[in-house]
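> One structure coming up, written as structure tokens, with questions to follow.
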Amino acid sequence: MVKAVVGANWGDEGKGKITDMLAEKADIIIRFQGGANAGHTIVNDYGKFALHTLPSGVFYGHTVNIIGNGVALNIPLLFQEIQSVTDRNVPMPKLLVSDRAQIVMPYHILFDQYEEERLGGKSFGSTKSGIAPFYSDKYAKIGFQVSELFEEARLREKVARVVETKNVLLEHLYHKPLIDAEELLEELHGYRDMAAPYVCDVSAYLAQALKENQTILLEGQLGTLKDPDHGIYPMVTSSSTLAAYGAVGAGLPPYEIKEIYTVCKAYSSAVGAGAFVSEIFGEEAEELRRRGGDGGEYGATTGRPRRMGWFDCVASKYGCRLQGATDVAFTVLDVLGYLEEIPVCVGYEIDGEVTTDFPVTAKLEKAKPVLKTLPGWKSEIRGIKNYEDLPENCRKYVEFIEGQIGYPITMISNGPSRSDIIYRKSPLKK
2 MVKAVVGANW
12 GDEGKGKITD
22 MLAEKADIII
32 RFQGGANAGH
42 TIVNDYGKFA
52 LHTLPSGVFY
62 GHTVNIIGNG
72 VALNIPLLFQ
82 EIQSVTDRNV
92 PMPKLLVSDR
102 AQIVMPYHIL
112 FDQYEEERLG
122 GKSFGSTKSG
132 IAPFYSDKYA
142 KIGFQVSELF
152 EEARLREKVA
162 RVVETKNVLL
172 EHLYHKPLID
182 AEELLEELHG
192 YRDMAAPYVC
202 DVSAYLAQAL
212 KENQTILLEG
222 QLGTLKDPDH
232 GIYPMVTSSS
242 TLAAYGAVGA
252 GLPPYEIKEI
262 YTVCKAYSSA
272 VGAGAFVSEI
282 FGEEAEELRR
292 RGGDGGEYGA
302 TTGRPRRMGW
312 FDCVASKYGC
322 RLQGATDVAF
332 TVLDVLGYLE
342 EIPVCVGYEI
352 DGEVTTDFPV
362 TAKLEKAKPV
372 LKTLPGWKSE
382 IRGIKNYEDL
392 PENCRKYVEF
402 IEGQIGYPIT
412 MISNGPSRSD
422 IIYRKSPLKK
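Final position of the sequence shown in my numbering is 431; the numbers increase by one with none missing.
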């Protein structure tokens, strides 16, 4: 049985908590795309953690945690992260790394920084984690797979060849120091020694796990609107954020993915540049940011203040559709308890016409939000375990949004910890 946890929007929806919860009943948790450019915040009995590369199942002793072939793997960062959790009394997680995963090279991070610097005011709002240069090299077929670390003659020849082309750019485009091939090779030997105990043929491992009826959980990074094909291109990430890519990025048959938990916030937030129709500003945004999440709405990787907005039914309906949502997990609902009234974006006005379909970027940038205001519930809802015990206006808010997006809201998160969850039987659940 394969399940996926993915984001409906711009990322930062609260996927870490939902993955952490579902991991309790899973055997294997897999990161299948992205790199250390975004993080998942998890609050559990060990404390509060921001994970960037490690799968969110690392806090359970019974799970195997896998870095899939679709991940942009920064090897030193992965091992720093393992150290950071084990230093806080978390037992050493069971970890496997795909031999087909590709490596974020030290120069990818430099090129990311140099290109953002070169673009100046026209930059893409990168986290400067090396992600775009990494994927550029992967698809230009000059990337390095983990397995290549163990083929010394091949590695030496390839390093010399790739460094030659990189140094042309460094000298003539960026005017920066050149890469020394021998120093880079030495660094890669260190990567090899770190990764060696964990490397395996992940797709073969998963094929056997499926035969044994194990439960496999795919953990996505970011959300639909950051997908390079279906998102707000070009202000997107460089790997597919969709559940469908889980089959590719982990090495699984697509028909094995049976449940897709698509995570939505009860309001909107985004990090980075790009169209954001329901965005709010000033004190209104600052108050929501300050109250939001667990300790405020700031990026788990960058610490950047997130852009804030009201719930966007147009973007979320689209996000759930592209993910193939079987269940919607609705997070941070408790945050909205301070509001007398809660605006919701129910449509976009573009060139004088109102639409509820999410458009391409050029039209999206012209869109104005069509807002409907719902009454707030003005009370604290943390600690409530049953849906029927929520205030009436709170239930009406959930049901209104479910009706707008057309996908079943079956989980409601009303606080940061594992236990702050309400399970709901949705009339839309087939």
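The beta-carbon is built from N, C-alpha and C at its ideal position, and this holds for glycine as well. In this text, all values refer to a predicted model and were calculated from it rather than measured experimentally.
Around the Cβ of Tyr268, are there at least 16 other Cβ atoms within 10 angstroms (buried) or fewer (exposed)?
It is buried - the Cβ of Tyr268 has at least 16 other Cβ atoms within 10 Å.
> When DSSP labels each residue in this structure, what does Ile406 get in the three-state scheme?
Here Ile406 sits in helix by DSSP.
> For His109, which three-state DSSP category applies?
Helix at His109.
> For Pro344, which residues of its own chain have a beta-carbon under 6 angstroms away from its beta-carbon, when the five flanking residues on both sides are left out?
Cβ within range, chain order: Trp311, Leu372, Thr374.
> Since Gly252 is in the alpha helix (DSSP H), which residue starts that stretch and which ends it?
Looking at the DSSP string, Gly252 is not in any alpha helix (DSSP H), and its letter there is neither H nor E.
> Give the C-beta separation of Ala37 and Val264 to the nearest angstrom, bearing in mind that I take them to be a contact with Cβ-Cβ under 8 angstroms.
About 20 angstroms separates the two Cβ atoms, so there is no contact after all.
> If you follow the beta strand (DSSP E) that Leu334 is in, where does it begin and where does it stop?
Note, Leu334: premise wrong, no beta strand (DSSP E); not H, not E.
> Could you pull out every unbroken alpha helix (DSSP H) segment of at least 4 residues lying fully inside the stretch 9-39, listed in chain order?
Counting whole runs of 4 or more residues, the stretch 9-39 contains the alpha helix (DSSP H) stretches 16-24.
> If we ignore side chains and look at the alpha-carbon of each, how far apart do Met22 and Ile281 end up?
Near 31 angstroms, if we compare the C-alpha coordinates of Ile281 and Met22.
> By DSSP's criteria, Gly48 is part of a beta bridge. Which residues make up the other side?
Paired residues: Asn45.
> Does the pairing of the stretch 41-61 with the stretch 224-242 give three or more beta-carbon distances under 8 angstroms?
Verdict: no, contact absent.
> Enumerate in chain order the residues of its own chain whose CB-to-CB distance from Ala94 is below 6 angstroms, with the five nearest sequence positions on each side excluded.
Sequence check: residue 94 is Pro here, not Ala. If we look at Pro94 and ignore the five residues flanking it on each side, its Cβ neighbours are Val59, Asn66.
> Counting only the same chain and skipping the five closest in sequence on each side, list residues whose C-beta sits under 8 angstroms from that of Lys129.
Around Lys129: Ile110, Asp113, Gln114, Glu117.
> Can you tell me the Cα-Cα spacing of Gly144 and Ser137, whole angstroms?
Straight-line Cα distance between these residues: approximately 9 angstroms.
> Helix, strand or coil for Gln114? Go by DSSP, reduced to three states.
Of the three classes helix, strand and coil, the one that applies to Gln114 here is helix, per DSSP.
> Give the straight-line distance between the Cα atoms of Glu172 and Ala248, rounded to the nearest whole angstrom.
Cα-Cα distance, rounded: 40 angstroms.
> Using the DSSP secondary-structure output, state which residues sit across from Leu218 in a beta bridge.
Lys4, Ile30.
> I believe Val7 touches Gln324 by the beta-carbon criterion, under 8 angstroms. Please report the beta-carbon distance rounded to the nearest angstrom.
Rounded, the Cβ-Cβ distance is 5 angstroms, consistent with contact.
> Apply the 10 Å Cβ neighbour rule to His41 and answer buried if 16 or more other Cβ atoms are within range, or exposed otherwise.
By the neighbour-count rule (16 or more Cβ atoms within 10 Å), His41 is buried.
> From the DSSP output, in three-state form, read off Ala276 for me.
Ala276: coil per DSSP, three-state reduction.
> Provide the residue(s) that pair with Arg322 in DSSP beta bridges, ordered along the chain.
Arg322 is not bridged to any residue.
> Near Tyr299, which residues of its chain fall below 6 angstroms by C-beta distance, leaving aside the five closest residues on each side in sequence?
Pro306.
> What do you get for Cys321, buried or exposed, if any count of 16 or more other CB atoms within 10 angstroms of its CB means buried?
Buried, by the Cβ-count rule.
> May I ask you to verify whether the stretch 204-213 touches the stretch 151-162, counting CB pairs closer than 8 angstroms and requiring at least 3?
With the cut-off at 8 angstroms, the stretch 204-213 and the stretch 151-162 do not touch.
> What residue range is occupied by the uninterrupted beta strand (DSSP E) comprising Met309?
First-last of the beta strand (DSSP E) with Met309: 308-310.
> At a threshold of 7 angstroms, does Asp46 count as lining the ligand FAD (C-beta to nearest heavy atom)?
Judged by which ligands are present, the structure shown has none, so any question about the ligand FAD falls away.
> Can you tell me where the alpha helix (DSSP H) holding Ser204 begins and where it ends?
Where Ser204 is concerned, the enclosing alpha helix (DSSP H) stretches over 203-212.
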